[in-house]
DNA sequence: ATGTAACGGGG
DNA sequence: GTGTACGTTACAT
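In the working numbering, the protein residues as written are 1019 to 2015.
Right under this line is the structure:
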């Protein structure tokens, strides 16, 4: 008999030779050894509610009718879930031999005479076991038992359990997960289509490991001999041999997590299909009796590998980051600043059959595609949140990564319900869902309050304080004891002490009985407070991160409960409960608004669900903070516990366009105690959208920046006009105008003619074989000419080569104007005004709003650096002026004076944007000289040589240096000095011309 | 306004 | 495995 501790990774069950279910737990100890634990004796069961007085008779009938299946019927006293129950009710506990039989008989039982309802008859057996034994996913277990050896296990050891105990742990023990990322390359027989797994072979499988495997971080399997010396590859005679070796490597490395990019929808299904081709069983998991389980949905696949976690980085990134596109190349660039190896997939067959250099290129391409997802996963810590969620809600890691909110909530409801003898209903069938849907149409689900925004821009003396209710809905549920278990169903019960919601629903007070949801939420909230406290004292960054992930997981869990009560497919659906929560929410926010306005006399300019934004007038951030704190404390005092209005942040300037759409420039107190401008928070204002070209995103961002950081509406308008002017003059670089759309099927299959489809046809006629094929992304720009927009879509390269003219009208109307208008309209600037390029802002009005600080509007800094010289635009006559050609400080056309401030700003901007571009670090191999833009994972070149970093100076810096003496005479000494300072700083950075790090 | 078709991303 | 099931946006009506 031994005792062993392990983190629970997976759980399922097997049926032994005498047809009894045996629970199987797979876990990993702190020593890194994996273990399979078999638990015997746990039996499947469910509950039946019979007509009062009929219990015995129904029990007998069930036992009789399902002889051989039902192994026992007993009686237990339980609380029914819906409505406040004064006492427990007698229910039948029906036990069956094997788990699948529950499903088999539950509908029959449901229809039997005398049966009212069946409870908890749809809980997967492994969860039934975990729930009943208080075992949570990814939690620490202490197992007592004997070591055994079966024919089913692949783990380091196997045990037959005598006892499984949960170890209470505040901080998760350190168990290092082994992760493996992989990627496949195929050889398509038809280069117009995606490779077909029924016939096109896999030619390469690349793998990345963390931690390393046999000293290797990566390994590439190649299905044919390669006549070149390449490190970390293995070659085979054909696909089958390679596939077998791949499975062998999985077994040998034994990863806890398998990842990759889009593996759920591509690599894994493809791989499984190829394995089937050779009749190789897909035993990639940690058990020998089960292979990989593939569940294909409409457009979604779930893949389960026993004992291992499958996580698709693409999915994780999609749920964590809002990006324009989710291609690996784009995602890697945005998140970890790395790119894929440049290679057109159409060239794969050519490279595959090519010379040693070509195949080398293909191998390194594949290698990188396995490395990138793993790096993203690690660097962005994409797993932390899920592992903590698993520990908080109890689901297995695998199910948390994929599953929706409802499973997590139910896991907790079942666990806490079990402790209190509350049984829960089964999930609703179609009929019940339909009934609920109809009910919802009649009695609608009322949402939260969104206060009418006082549209406009706030800056200068105005400061906006943001106050938030900490976990509003969870707090309300706790404060007013709202739950399906406390809801008073009949008026007759109203002599019980209760609370009436604004909607009229009544809930017994917590002194009578605490509700299930309030209990769970109260514990979660206390737990979160504890975790946050621990975070404050935690010095170790790794542990701090983990605690942070945990408090986030708890927050996510808490916020899921409200939604669950109004979810059509919930086990317990109660509009009365859902509406009571939002009802109290509306009451709370209205009350808060009223108090702030009446007691303090401040203006509430906006509020949504659980937050209010208060306008105060002060230049002093300390004072603003003081006011915020005061409001927070005093209002919280007026509300029942645990409702808490927290002072969240100060916006130095704030722009609100409409409900749910605003942007604010945050100020925060730095370590030096001083206030600093911080990030711009944005809500509902999008600057990146798939259907917009880059120009639009860039313009939107710049406008917001000018509005919030410089508080200069005129300048923002002017900037927009400049862009429009540039667009009309064809000065906008073509790549900023490119739109992309992917060709999902053959052109003729499209009904509506879309630009990229028409273009695809055009290209096919023009260049024949090189034309884009199905599944490819097509880049296009809209050019001038006749016909619909679709007919005027053109290939950017073709446009370049033939000097076609861009349809500036289209880009203005369809791309730039819509978002710009939405931004400017609430500020009282019409479309007309935006477009009126020639009528600039009068100097008079400009000076009125901005003092004499900026007569010029500086062109977008990015563009400036690419222009020949540094330029400013004269505000009076709108001419673009070259700083070098300026005689004195007068505009050569209208002779209005140009302020030194403006020139200084122009130069400074040029310097700053130049600084960003100033240094470029390149990495090159000391052996073969091949250069990389980023260091490789291994810090080694593909030839095996060491990578050495090289620092180079960009030209733009030199340009500014050249310009400086020419303009310095136009500047005040202070400005000159400031510029010199910056240049000096730049010199310092650049000074060591070559160094290695 | 409201319903329906298209698309993603992998090679 | 005692489980089901995308989510968003553009275009057409």
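Built from N, CA and C at the ideal position, the CB exists for glycine as well.
Being a predicted model, the structure only gives us computed values, none of them experimental.
Distance between beta carbons of residue j and residue i, contact taken as under 8 angstroms
{"i": "residue 1236", "j": "residue 1389", "result": "6 angstroms"}
{"i": "residue 1202", "j": "residue 1289", "result": "6 angstroms"}
{"i": "residue 1182", "j": "residue 1055", "result": "7 angstroms"}
{"i": "residue 1485", "j": "residue 1621", "result": "Going by Cβ atoms, the distance from residue 1485 to residue 1621 rounds to 14 angstroms, so no, they are not a contact pair."}
{"i": "residue 1090", "j": "residue 1412", "result": "The pair is not a contact, with the Cβ atoms about 27 angstroms apart (cut-off 8 angstroms)."}
{"i": "residue 1301", "j": "residue 1265", "result": "7 angstroms"}
{"i": "residue 1228", "j": "residue 1392", "result": "6 angstroms"}
{"i": "residue 1136", "j": "residue 1444", "result": "6 angstroms"}
{"i": "residue 1420", "j": "residue 1320", "result": "6 angstroms"}
Run of the alpha helix (DSSP H) containing residue i, from where it starts to where it stops
{"i": "residue 1624", "result": "Counting along the chain, residue 1624 falls outside any alpha helix (DSSP H), though it belongs to the beta strand (DSSP E) covering 1621–1626."}
{"i": "residue 1712", "result": "1712–1727"}
{"i": "residue 1640", "result": "1639–1656"}
{"i": "residue 1574", "result": "1559–1583"}
{"i": "residue 1803", "result": "It is not in any alpha helix (DSSP H) - residue 1803 carries neither H nor E in the DSSP assignment."}
{"i": "residue 1607", "result": "1593–1618"}
{"i": "residue 1425", "result": "1423–1437"}
{"i": "residue 1545", "result": "1534–1555"}
{"i": "residue 1814", "result": "1814–1820"}
{"i": "residue 1143", "result": "1143–1150"}
{"i": "residue 1077", "result": "1073–1083"}
Minimum C-alpha distance to residue i - residue among the options
{"i": "residue 1738", "options": "1714, 1169, 1710", "result": "1714"}
{"i": "residue 1120", "options": "1106, 1305, 1695, 1140", "result": "1140"}
{"i": "residue 1476", "options": "1671, 1742, 1735, 1464", "result": "1671"}
{"i": "residue 1283", "options": "1271, 1312, 1301", "result": "1312"}
{"i": "residue 1364", "options": "1207, 1061, 1617", "result": "1207"}
{"i": "residue 1216", "options": "1069, 1151, 1294, 1226", "result": "1294"}
{"i": "residue 1732", "options": "1658, 1851, 1114", "result": "1851"}
{"i": "residue 2034", "options": "1661, 1683, 1649, 1701", "result": "Nothing in the structure corresponds to residue 2034, since the chain is present only between 1019 and 2015."}
{"i": "residue 1400", "options": "1050, 1272, 1567, 1147", "result": "1567"}
{"i": "residue 1142", "options": "1077, 1472, 1727, 1117", "result": "1117"}
{"i": "residue 1077", "options": "1061, 1062, 1094", "result": "1094"}
{"i": "residue 1487", "options": "1398, 1582, 1610", "result": "1610"}
{"i": "residue 1036", "options": "1726, 1698, 1681, 1059", "result": "1059"}
{"i": "residue 1746", "options": "1147, 1827, 1580, 1515", "result": "1827"}
Unbroken beta strand (DSSP E) run spanning residue i, endpoints
{"i": "residue 1039", "result": "1039–1046"}
{"i": "residue 1026", "result": "1020–1033"}
{"i": "residue 1672", "result": "1663–1676"}
{"i": "residue 1474", "result": "1474–1476"}
{"i": "residue 973", "result": "Limits of the chain in this structure are 1019 at one end and 2015 at the other, which puts residue 973 out of reach."}
{"i": "residue 1629", "result": "1629–1635"}
{"i": "residue 1480", "result": "1480–1487"}
{"i": "residue 1229", "result": "1220–1231"}
{"i": "residue 1162", "result": "1158–1166"}
Buried versus exposed call for residue i [16 or more other C-beta atoms within 10 Å across all chains shown]
{"i": "residue 1932", "result": "Low confidence applies here, because residue 1932 scores a pLDDT of 46, under 50, leaving its location unreliable; read the following figure in that light. Buried, because 16 or more other Cβ atoms sit within 10 Å of the Cβ of residue 1932."}
{"i": "residue 1536", "result": "buried"}
{"i": "residue 1998", "result": "exposed"}
{"i": "residue 1030", "result": "buried"}
{"i": "residue 1426", "result": "buried"}
{"i": "residue 1020", "result": "exposed"}
{"i": "residue 1872", "result": "With a pLDDT of only 26 at residue 1872, under the threshold of 50, the placement of this residue in the model should not be trusted; the figure read from the coordinates follows. By the 10 Å Cβ count, residue 1872 comes out buried."}
{"i": "residue 1658", "result": "exposed"}
{"i": "residue 1226", "result": "buried"}
{"i": "residue 1333", "result": "buried"}
{"i": "residue 1428", "result": "buried"}
{"i": "residue 989", "result": "This structure leaves residue 989 out entirely; the chain is present only between 1019 and 2015."}
{"i": "residue 1774", "result": "buried"}
{"i": "residue 1033", "result": "exposed"}
- prompt: Would you call the region 1302–1317 and the region 1169–1177 in contact, with 3 or more CB pairs under 8 angstroms?
  reply: yes
- prompt: Counting pairs of beta carbons, one from the region 1222–1242 and one from the region 1257–1271, are three or more of them closer than 8 angstroms?
  reply: yes
message: Does the region 1492–1511 come into contact with the region 1525–1533, if we say contact requires no fewer than three beta-carbon pairs (one atom in each stretch) closer than 8 angstroms?
response: yes
task: Tell me, please, whether the region 1514–1521 touches the region 1543–1558 by the rule of three or more beta-carbon pairs shorter than 8 angstroms.
output: no
- prompt: Do the region 1692–1701 and the region 1809–1826 touch if we need at least three Cβ pairs shorter than 8 angstroms?
  reply: no
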